[in-house]
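>
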Amino acid sequence: MVLTPQLAASLLGGIHVLDGGMASELEHRGARIEGPLWSAHVLEDAPEKIVEVHRAYIEAGAQCIETASYQVSRMGYAEIGLPLERVDAALLRSVTLAREAASAFPDRQVLVAASLGPYGAALHNGAEYHGNYDCTYADLVAFHRERIAVLVGAKGADSPDLLAFETLPSLEEARAIGEAMREWPQAAAWFSFTCRDEAHVVHGELLRDGAKMAARFPQTVAMGVNCTLPGLIPFLIGELRAASDKPVIVYPNSGEGWDAVRRCWTGSCDPAEYGALAQGWFAAGAQIAGGCCRTRPEHVRLVARQWSVNGA
Ligand SMILES: [Zn+2]
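Those letters in the sequence shown? Residues 11 to 322, by our numbering.
1. With contact counted as at least three CB pairs below 8 Å, one residue from each stretch, are the segment 89-100 and the segment 140-151 in contact?
2. Report all residues for which the CB-ligand distance to some heavy atom of ligand 1 is below 7 Å; order them along the chain.
3. Using 8 Å for Cβ pairs, my map puts ASN263 next to LEU246. What's the rounded Cβ distance?
4. Which residues in the same chain as ALA18 place their Cβ atom closer than 6 Å to its Cβ, once the five residues preceding and following it in sequence are excluded?
5. Suppose you measure from the CA of ASP255 to the CA of PRO15; what does that come to, to the nearest Å?
6. Measuring alpha carbon to alpha carbon, tell me which of PRO170, ALA148 and GLY248 ends up nearest ALA123.
7. Since LEU28 and ALA299 should fall inside the 8 Å C-beta cutoff, what is the C-beta to C-beta distance between them, to a whole number of angstroms?
8. Whole angstroms is fine: what's the gap from THR146's alpha carbon to PRO244's?
9. Is it buried or exposed, ASN236, if we count other Cβ atoms within 10 angstroms and call 16 or more buried?
10. Around the Cβ of CYS274, are there at least 16 other Cβ atoms within 10 angstroms (buried) or fewer (exposed)?
11. Let me make sure I understand the geometry here. Which of GLN316, ASP269 and ARG103 has the alpha-carbon closest to that of ASP55?
12. Take SER79 as the anchor and find which of GLY71, TRP317, ARG65 and PRO57 has the nearest alpha-carbon.
13. Quick one: is LYS165 buried, meaning 16 or more other Cβ sit within 10 Å of its Cβ, or exposed?
14. For THR106, which three-state DSSP category applies?
15. Among all the DSSP beta bridges, which residues are the ones paired with SER125?
16. Under DSSP, the beta strand (DSSP E) around TRP291 begins and ends at which residues?
17. Provide the residue(s) that pair with ASN236 in DSSP beta bridges, ordered along the chain.
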């Protein structure tokens with residue numbers, strides 16, 4: 011069963027290090043992640059590689075890992091002609107693989123968060139980075155509700171500890187998820203937005219307003235920012251802390267940017283620089299830090315070291 015918000019909140023209190031990017035690490039390990047389902051392909055083709063990545067992050071110090079389910083959705087599968095029953099199976103398999111990896115560390119308590127990307131991630135056209143969707147509010151609610159129902163209904167090793175709604179581009183999408191979650195007030199979740207500057211989510215609204223709204227959902231155990239430039243994070247932590255007293259979770263990108271003209275990544279992805287920045291995130295009031303796109307186990311190892319040296 012997904013943990014209750016009360017229990018999840020008390021367990022999160024002892025957690026400071028989240029894992030890093032899944033897709034980029036799979037790529038480094040030779041998995042093929044191109045194609046419309048991105049790392050979701052690997053759930054079917056090479057599940058052992060996903061377990062390997064989870065283990066690498068736990069070894070690096072992660073106390074909470076996110077499942078490889080970011081882009082798993084009925085809409086995404088239907089678009090490329092895959093049968094719907096494979097979607098639900100893939101969602102549940104992503105949790106089982108994370109549990110399998112965690113079980114290799116019997117002395118450590120590792121929380122498993124089900125990664126749930128926004129509607130735009132299932133469109134596979136980059137729409138999650140602006141949030142202007144060609145769909146109704148009811149479509150958004152239905153999209154999220156389908157996946158929530160599968161995960162909340164899971165039993166045993168298929169069941170995540172909590173739901174991680176992430177890379178949320180807009181307040182409207184966070185509101186839709188709150189509505190989709192209404193049937194399950196006792197299922198813990200965190201809400202994490204993607205931001206374009208020091209104060210605004212990528213769709214343009216104030217992060218502070220989104221966090222105020224999402225913090226009021228009965229399921230919310232933490233508020234966060236992810237898939238955002240690391241240099242913006244201290245400002246955004248200030249916005250989250252001004253909005254609510256929920257624990258703050260941050261997992262920015264490596265610091266590289268995608269150059270669409272030259273079709274390559276630019277900028278730095280130095281784990282040492284990233285680890286040094288994490289000191290500022292903890293100092294600004296983040297309770298949990300990890301990494302999103304293009305971060306690797308070495309980034310997480312240095313975040314964990316920052317916490318153990320300066321965080322306590
Ligand atoms: Zn990302």
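We treat Cβ as the ideally placed atom computed from N, Cα and C, and that holds for glycine.
For this structure:
1. no
2. GLY31, THR177, ASN236, CYS237, ASN263, CYS302 and CYS303
3. The Cβ separation is near 13 Å, so there is no contact.
4. LEU172, ALA198 and VAL231
5. 15 Å
6. PRO170
7. 7 Å
8. 34 Å
9. buried
10. exposed
11. ARG103
12. PRO57
13. exposed
14. helix
15. ALA174
16. Here TRP291 belongs to no beta strand (DSSP E); instead the alpha helix (DSSP H) covers 281-293.
17. TYR261
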